[in-house]
Each structure stands twice: as structure tokens, then as C-alpha cells.
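Using this note's numbering, you'd call the opening residue of the sequence shown number 5 and step up by one each time.
A virtual CB, placed ideally from N, CA and C, is assigned to each residue, including glycine.
For clarity, every value in this text was computed on a predicted model and none was experimentally measured.
Reviewing the structure listed below.
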Amino acid sequence: MKKARPTIRRSDSKSGARHTPQRTCAACRKSLDQGFLVRYVLSPQGNIVVDYRKKLPGRGVYTCLDFACLEMAVKKGQLARALRLGGTFSADALWRELCGQIRSRAFSLLGMARKAGQIVSGTQQVLCELQAGRDIALLVLAEDLSLAMAAKVQNAANRNAVPCFVFSAKDQIGHLLGKSERGVVAFRSGPLAGAIREELERLKKFAGEFNG
5 MKKARPTIRR
15 SDSKSGARHT
25 PQRTCAACRK
35 SLDQGFLVRY
45 VLSPQGNIVV
55 DYRKKLPGRG
65 VYTCLDFACL
75 EMAVKKGQLA
85 RALRLGGTFS
95 ADALWRELCG
105 QIRSRAFSLL
115 GMARKAGQIV
125 SGTQQVLCEL
135 QAGRDIALLV
145 LAEDLSLAMA
155 AKVQNAANRN
165 AVPCFVFSAK
175 DQIGHLLGKS
185 ERGVVAFRSG
195 PLAGAIREEL
205 ERLKKFAGEF
215 NG
């Protein structure tokens, strides 16, 4: 019996856009672009793992990027059947693993933006950029930034219609940037800023879904 080919979204040939592979959510059965789904595979040890970047080898199964679909796929055994997996596993654990991989991706993009010279770090430096009306796409505020300083930066960002995201701790951000603690990072407009914004928006949404 031949395997069914994955659905392909065919774009207008005149536009020059690439064909986008689609997959089906194991829970709700919607067919979506791969970018809107999470892939799961079996590790060499026989455990189900999240393949957020969709690069791991082996047979994969997909769910939508929301906790409800993952939980349904686990409870109804759809993930286990698709991967031919015996035993039990936790939707909560897989969701935490997914959030961890998103955080890792955001850290990677932060490092790439630093190397590309697309960031400004440090509270005063960022405030100066905002006051000068520089082309800033978004700000990252450390989780342990003081409330007073966070409010000051957010007010300045609001005046410039610049979105703010709370992410990681000052020492972790500083270490990644090769500096001491950093509580505020500004991203200049560009593809890297767009990519990290997508990851931070997902992380914020997913954390909210998981916590209720």
C-alpha cells in the first residue's frame, strides 16, 4: 500500500513563492503549514520528544501549536498510535519541553542579532535610542529587572509604539552578549527582530495556556 503524499500548498507560479508543505494535526485533524504545527518523534531510546525545528530524523507526528490539541492527542492515544509507542507519557512534560526549545531558539536568535550588530543593550543606551527616535523593532526586558526601571523603559517604548517582551534573567542575557548583567535589549528592525518576536510571542502565549 502506497503512503499518502503530504499535502502541498501550491502558490501562483507567477509570484515565485515556494510551495509550502502541510501536515495534519493528530488531534483536531486540521491541515496546516508546518510552521503552525509542532512535530514529535521517537528518540533512539524510544521516548517521545519534541522536534520544534523539525530537523530530527524518523517518523513524525504533528499537533497544532496549542496545549489543547497536544493534551487531546495524548489522552486519546493519537500520538502513541502514530509513533507506535507503548506506555504512558505526559502532555505537561512535552509542553514544558516545547517551551524550553522555544526559549533556546530565542537565545540563539539573540546571539545571532548580537553578532550582526542588530542590538543595543543596557538601560541607558536603550533609552537614548528611544528618545532619539531610532528604528527599534522591539525590546526585551529581563525577568528580574526592577519594577521601577521596567516601568520607565516601558513608558518610553509605549511613546514610540515599540513592543516589550519579558524574557530570561539579567545575568543570562549579559552572559550571552559577552557582558555583565543586562536588563534591557533593543532590537533594530530587520529579519532577526521579526524572528525573535515570533518566538517570544509564542512563548508568552504558550506559558499563558499552560498556566491556565
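Where the beta strand (DSSP E) containing S125 begins and where it ends: Looking up residue 125 in the sequence shown gives position 121. First-last of the beta strand (DSSP E) with S125: I123 to S125.
So is E205 buried or exposed if we call it buried at 16+ other beta carbons inside 10 Å? Locating residue 205 in the sequence shown gives position 201, where the first residue counts as 1. Classification for E205: exposed.
Measuring only the C-alpha atoms, how far is G90 from I177? The residue labelled residue 90 in the question sits at position 86 within the sequence shown. The residue labelled residue 177 in the question sits at position 173 within the sequence shown. Using only the alpha carbons, I get a separation of about 40 Å.
Are there 16 or more other CB atoms within 10 angstroms of the CB of D55, so buried, or fewer, so exposed? The residue labelled residue 55 in the question sits at position 51 within the sequence shown. Label assigned to D55: buried.
Where does V170 sit, in a helix, a strand or coil, going by DSSP? The residue given as residue 170 occupies position 166 in the sequence shown. Note: V170 maps to strand in three-state DSSP.
When you compare the CB positions of V144 and F169, do they come within less than 7 Å of one another, or not? Here residue 144 is taken as the residue at index 140 of the sequence shown, counted from 1. Here residue 169 is taken as the residue at index 165 of the sequence shown, counted from 1. Contact flag set, yes.
C103: first and last residue of the uninterrupted alpha helix (DSSP H) it sits in: Within the sequence shown, numbered from 1, the residue matching residue 103 stands at position 99. Start and end: A95 to K119.
Does the Cβ-Cβ distance between A117 and F191 come in under 7 Å? Walking along the sequence shown from the start, residue 117 turns up at place 113. Walking along the sequence shown from the start, residue 191 turns up at place 187. Yes, they are a contact pair.
For R85, which of helix, strand or coil comes out of DSSP? What you label residue 85 is simply residue 81 of the sequence shown in a count that begins at 1. Correct three-state label for R85: helix.
Drop a sphere of 10 angstroms on the beta-carbon of L151, count the other beta-carbons inside from all chains shown, and report buried for 16 or more, exposed for fewer. One-based indexing of the sequence shown puts residue 151 at position 147. Answer is exposed; the Cβ neighbour count stays below 16.
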